[in-house]
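Residue numbers (this note's numbering), protein chains in the order written: chain A, 84 to 341; chain B, 84 to 341.
Ideal Cβ placement from N, Cα and C applies to all residues, glycine included.
Protein chains: 2
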Amino acid sequence: MLSKNQAKNLRALHRKKARREQGLFLVEGEKVVAELLASSWQIDSLYATPEFIGAYQGLIKQAGVVLVECSAAELTAVSTLVSNSAALALVKMPEPTLKPLDTEQAWILALDGINDPGNLGSLLRIADWYGIGQVVCSPMTAEVYNPKVITASKGSFLRVAVSYQPLGAFFNQLPANTAILGAYLEGESIHQLKASPSSGVILLGSEAQGISQELALRVTRKITIPAFGAAESLNVGVAAAVICDNLKRLSTLKSYQS
Amino acid sequence: MLSKNQAKNLRALHRKKARREQGLFLVEGEKVVAELLASSWQIDSLYATPEFIGAYQGLIKQAGVVLVECSAAELTAVSTLVSNSAALALVKMPEPTLKPLDTEQAWILALDGINDPGNLGSLLRIADWYGIGQVVCSPMTAEVYNPKVITASKGSFLRVAVSYQPLGAFFNQLPANTAILGAYLEGESIHQLKASPSSGVILLGSEAQGISQELALRVTRKITIPAFGAAESLNVGVAAAVICDNLKRLSTLKSYQS
Numbered sequence: 084m085l086s087k088n089q090a091k092n093l094r095a096l097h098r099k100k101a102r103r104e105q106g107l108f109l110v111e112g113e114k115v116v117a118e119l120l121a122s123s124w125q126i127d128s129l130y131a132t133p134e135f136i137g138a139y140q141g142l143i144k145q146a147g148v149v150l151v152e153c154s155a156a157e158l159t160a161v162s163t164l165v166s167n168s169a170a171l172a173l174v175k176m177p178e179p180t181l182k183p184l185d186t187e188q189a190w191i192l193a194l195d196g197i198n199d200p201g202n203l204g205s206l207l208r209i210a211d212w213y214g215i216g217q218v219v220c221s222p223m224t225a226e227v228y229n230p231k232v233i234t235a236s237k238g239s240f241l242r243v244a245v246s247y248q249p250l251g252a253f254f255n256q257l258p259a260n261t262a263i264l265g266a267y268l269e270g271e272s273i274h275q276l277k278a279s280p281s282s283g284v285i286l287l288g289s290e291a292q293g294i295s296q297e298l299a300l301r302v303t304r305k306i307t308i309p310a311f312g313a314a315e316s317l318n319v320g321v322a323a324a325v326i327c328d329n330l331k332r333l334s335t336l337k338s339y340q341s
Numbered sequence: 084m085l086s087k088n089q090a091k092n093l094r095a096l097h098r099k100k101a102r103r104e105q106g107l108f109l110v111e112g113e114k115v116v117a118e119l120l121a122s123s124w125q126i127d128s129l130y131a132t133p134e135f136i137g138a139y140q141g142l143i144k145q146a147g148v149v150l151v152e153c154s155a156a157e158l159t160a161v162s163t164l165v166s167n168s169a170a171l172a173l174v175k176m177p178e179p180t181l182k183p184l185d186t187e188q189a190w191i192l193a194l195d196g197i198n199d200p201g202n203l204g205s206l207l208r209i210a211d212w213y214g215i216g217q218v219v220c221s222p223m224t225a226e227v228y229n230p231k232v233i234t235a236s237k238g239s240f241l242r243v244a245v246s247y248q249p250l251g252a253f254f255n256q257l258p259a260n261t262a263i264l265g266a267y268l269e270g271e272s273i274h275q276l277k278a279s280p281s282s283g284v285i286l287l288g289s290e291a292q293g294i295s296q297e298l299a300l301r302v303t304r305k306i307t308i309p310a311f312g313a314a315e316s317l318n319v320g321v322a323a324a325v326i327c328d329n330l331k332r333l334s335t336l337k338s339y340q341s
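If you want it as structure tokens, here you go:
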């Protein structure tokens, strides 16, 4: 059973301020909590139904977490999900460690002020699908520990390293010849990229304003998704997926040819 | 000013039952209402702020609609949007006319039970971007006049014809040699489609269950989006965009070559 204090604290973590103060965030729902238990992330405590505990005994034991058994109704009452009939974990925010930059091997996604938590979560899932292990966010981008981001990422937050820093400063650390591809409504068609790079940065602007003027100066190539109809734009996550798909296709083709 | 009765009726239209009974649905927000006014869709009435009315006088006069001036606060109180500081229109549902099938010229999107209104709206926007004018939905798919669908489509509902029918019966009406490409997690890679068709049906399954068994038998080719990382799946809208992008790229290439 959940105590009043436990319930109060779990609900407090719906808000950014409490997450910051405690260095903890929520992971909710059966599938993603099971994935979390199997990962190396540090779990503070686990709130789960008897059914969940029965199904995942082995993983729970292995993870050695503080376990609180509760009902589905109790879980739903403290969850951000409309219904949560399985599990909720309190997870420690990892120390923000900057991985050594690996632009020679792979793509990095750089996000210039993505506001919508659902979009950020979706972008993490897409990065994970396309094997992009690193997402660098401008300070104005949504907070990765927002429950909406975690839920929309469908577990991909476990595998994609997310950091926050001014993107101008981030670009300064990159080798001078790093390709910085900026997504624009007008640019080179990604269907016909000539001499496409096989690593670098994919820069996406905010939903409303696009890439900021300051960062536009750093873009080495403006790329665009060809339109065949009348829609004015694509959602930023959708656009990211189409861009990643083309870049990965081109670099795979290249490795076949060489 | 909005009368109590007007406000009550607008709020009633948040629900499917009232929409069905009245044959009306809501279109909300400045940009999409402006697009609507410029279209040939039949508008029952328009609720707008003095600022909106001033900015779009010409379009409003041309459309010849019943106009109710109200404040942004009044609009927000009857809107499904968190804030609506401009306009809301009541629009007549068009008669469900089945366009003559045009599979020889273009792609049709077939949706097998897409549940989430946000996903359906997103799919309409993607269809519109890729010049797909027709979306055929199984009866279990979300209702296109749900305000969340209309909002997520960003005006694309105005340009993409949506119909509802059992997909088996729909496939029976197609010419025998029509390509029906089904999106699966395992299938032919869309990066290396051999002899890719330049028209036909793209069939997408529901978020949770994928393509139903009955319809799987009708699929002429199973296609898949190659994965490069560890995410288990992509969102259905994201998947649709990547598939459309590849098919359009291939048919454009073909028309260059021939």
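Exercise for review: Output yes or no for whether 8 Å exceeds the beta carbon distance between Ala266 (chain B) and Gly283 (chain B).
Suggested key: Result no, Cβ atoms of Ala266 (chain B) and Gly283 (chain B) do not sit closer than 8 Å.
Exercise for review: Note down the Cα distance separating Ser341 (chain A) from His274 (chain A), rounded to an integer number of angstroms.
Suggested key: In this prediction, Ser341 (chain A) has a pLDDT of 49, which is less than 50 and means its spatial position is unreliable; nothing more can be read from the coordinates.
Review point. Considering only the beta carbon of each residue, do Phe135 (chain A) and Glu118 (chain A) sit closer than 8 Å?
Key: No.
Practice item. Measure the beta-carbon distance from Cys220 (chain A) to Leu194 (chain A) and round it to whole angstroms, keeping in mind my assumption that it falls under 8 Å. Key: Rounded to the nearest angstrom, the Cβ distance from Cys220 (chain A) to Leu194 (chain A) is 5 Å, consistent with a contact under 8 Å.
Point to revise | Cβ contact (3+ pairs, closer than 8 Å) linking the segment 119 to 139 of chain B and the segment 295 to 306 of chain A | key: Judged by Cβ distances under 8 Å, the segment 119 to 139 of chain B makes no contact with the segment 295 to 306 of chain A, as fewer than three pairs qualify.
Practice item. Report the residues of the segment 106 to 117 of chain A with a CB closer than 8 Å to any CB of chain B, ordered along the chain. Key: Listed in sequence order: no entries.
Check your understanding: In the DSSP assignment, what are the bridge partners of Gln217 (chain A)?
Key -> For Gln217 (chain A), which the question treats as bridged, DSSP gives the partners A:Ala244.
**Study point:** Distance between Phe108 (chain A) and Ser128 (chain A) (C-alpha atoms, nearest Å)
**Key:** The straight-line gap from Cα to Cα measures roughly 11 Å.
Check your understanding: For Val430 (chain A) versus Val110 (chain A), is the C-beta distance shorter than 8 Å?
Key -> Outside the displayed span of chain A (84 to 341) sits residue 430 (chain A), for which this structure offers no information.
Point to revise | Under 9 Å by beta carbon: chain A residues contacting His274 (chain B) | key: Annotation: Cβ neighbours of His274 (chain B) in chain A (cutoff 9 Å, chain order): Asp328, Lys331, Arg332, Thr335 and Leu336.
**Study point:** Per-residue DSSP class, three states only, for Lys231 (chain B)
**Key:** When secondary structure is reduced to three states using DSSP, Lys231 (chain B) falls in the helix class.
Check your understanding: Can you name the residues of chain A whose CB is closer than 7 Å to the CB of Ala313 (chain B)?
Key -> Near Ala313 (chain B) (Cβ distances below 7 Å), the residues of chain A are Asp211 and Arg242.
Point to revise | Cβ of Leu317 (chain A) within 8 Å of any chain B Cβ | key: Interface criterion met: the Cβ of Leu317 (chain A) is under 8 Å from a Cβ in chain B.
**Study point:** the segment 154 to 161 of chain A in contact with the segment 291 to 305 of chain A per 3-pair CB rule at 8 Å
**Key:** Two segments are said to touch when three or more pairs of C-beta atoms, one from each, lie closer than 8 Å; by this definition the segment 154 to 161 of chain A does not touch the segment 291 to 305 of chain A.
Exercise for review: Say whether chain B places a C-beta atom closer than 8 Å to the C-beta of Ser239 (chain A).
Suggested key: So, interface residue.
Exercise for review: Out of A:Leu276, A:Asn229 and A:Leu192, state which residue places its alpha-carbon closest to the alpha-carbon of Ala244 (chain A).
Suggested key: Closest by alpha carbon: A:Leu192.
Check your understanding: Whose C-beta lies closer than 6 Å to the C-beta of Ala131 (chain A) among residues of the same chain, with five residues either side of it excluded?
Key -> If you ignore the 5 residues before and after Ala131 (chain A), its C-beta comes within less than 6 Å of the C-beta of Ala170, all in its own chain and listed in chain order.
Exercise for review: Give a yes or no on whether 8 Å exceeds the smallest Cβ distance from Ile308 (chain A) to chain B.
Suggested key: Yes, Ile308 (chain A) lies at the interface with chain B (some Cβ there is under 8 Å from its Cβ).
Point to revise | Backbone CA spacing between Phe254 (chain B) and Trp190 (chain B) [nearest angstrom] | key: Our two residues, Phe254 (chain B) and Trp190 (chain B), have alpha carbons roughly 14 Å apart in a direct line.
Exercise for review: Count the C-beta pairs between the segment 205 to 217 of chain A and the segment 315 to 323 of chain A that are closer than 8 Å, then say yes if the count reaches three, no if not.
Suggested key: Short answer: they touch.
Practice item. Ignoring anything shorter than 4 residues or poking outside the segment 316 to 340 of chain A, list the alpha helix (DSSP H) runs there in chain order. Key: Secondary structure within the segment 316 to 340 of chain A: the alpha helix (DSSP H) runs of 4 or more consecutive residues, fully enclosed, are 319 to 340 (chain order).
Point to revise | Contacts of Gly288 (chain A) in chain B (Cβ-Cβ under 7 Å) | key: Near Gly288 (chain A) there are no residues of chain B at all, since even the closest Cβ is about 17 Å away, more than 7 Å.
Point to revise | Pick from B:Ala101, B:Lys100, B:Met84 and B:Thr163 that is closest to Leu150 (chain B), judged by C-alpha positions | key: The shortest CA-to-CA distance from Leu150 (chain B) to any of B:Ala101, B:Lys100, B:Met84 and B:Thr163 is the one to B:Met84.
Check your understanding: Does DSSP put Thr224 (chain B) in a helix, in a strand, or in coil?
Key -> The three-state reading of DSSP puts Thr224 (chain B) in coil, since its state is none of H, G, I, E or B.
**Study point:** Expected contact under 8 Å - CB spacing of Asn202 (chain B) and Glu290 (chain B) to nearest Å
**Key:** Contact holds; Cβ gap of about 7 Å.
Review point. Does DSSP put Gly201 (chain B) in a helix, in a strand, or in coil?
Key: If DSSP states are grouped into helix, strand and coil, Gly201 (chain B) belongs with the helices.
Point to revise | Coil, strand or helix - Trp124 (chain B) by DSSP | key: DSSP places Trp124 (chain B) in the coil class of the three-state scheme, outside both helix and strand.
**Study point:** Lys305 (chain B) - DSSP class collapsed to helix/strand/coil
**Key:** If DSSP states are grouped into helix, strand and coil, Lys305 (chain B) belongs with the strands.
Exercise for review: Kindly indicate which three-state DSSP category Phe311 (chain A) falls into: helix, strand or coil?
Suggested key: When secondary structure is reduced to three states using DSSP, Phe311 (chain A) falls in the coil class, being assigned neither helix nor strand.
Point to revise | Per-residue burial, Lys144 (chain A) [other beta carbons within 10 Å of its own, 16 or more giving buried] | key: Only exposed fits Lys144 (chain A), as fewer than 16 other CB atoms lie within 10 angstroms of its CB.
Point to revise | Start and end residues, alpha helix (DSSP H) containing Gly137 (chain A) | key: Here the alpha helix (DSSP H) through Gly137 (chain A) covers Pro133 to Ala138.
Exercise for review: Would you verify that the beta carbon of Ala404 (chain A) is, or is not, closer than 8 Å to some beta carbon of chain B?
Suggested key: Residue 404 (chain A) falls outside the range modelled here, since chain A spans only 84 to 341, and no answer is possible.
Review point. How far does the alpha helix (DSSP H) with Leu171 (chain B) in it reach, from first residue to last?
Key: Under the DSSP assignment, Leu171 (chain B) falls outside any alpha helix (DSSP H), being part of the beta strand (DSSP E) whose first and last residues are Ala170 to Lys175.
Exercise for review: Go ahead and pull the three-state DSSP assignment for Val165 (chain A).
Suggested key: Val165 (chain A): coil per DSSP, three-state reduction.
Practice item. Closer than 6 Å by C-beta to Ala101 (chain B): which residues in its own chain qualify, once you throw out the five before and the five after it? Chain order, please. Key: Within the same chain, Ala101 (chain B) has close Cβ partners Ala95.
Point to revise | For Ile285 (chain B), the residue or residues it bridges with in DSSP | key: DSSP lists B:Leu192 and B:Leu264 as the beta-bridge partner residues of Ile285 (chain B).
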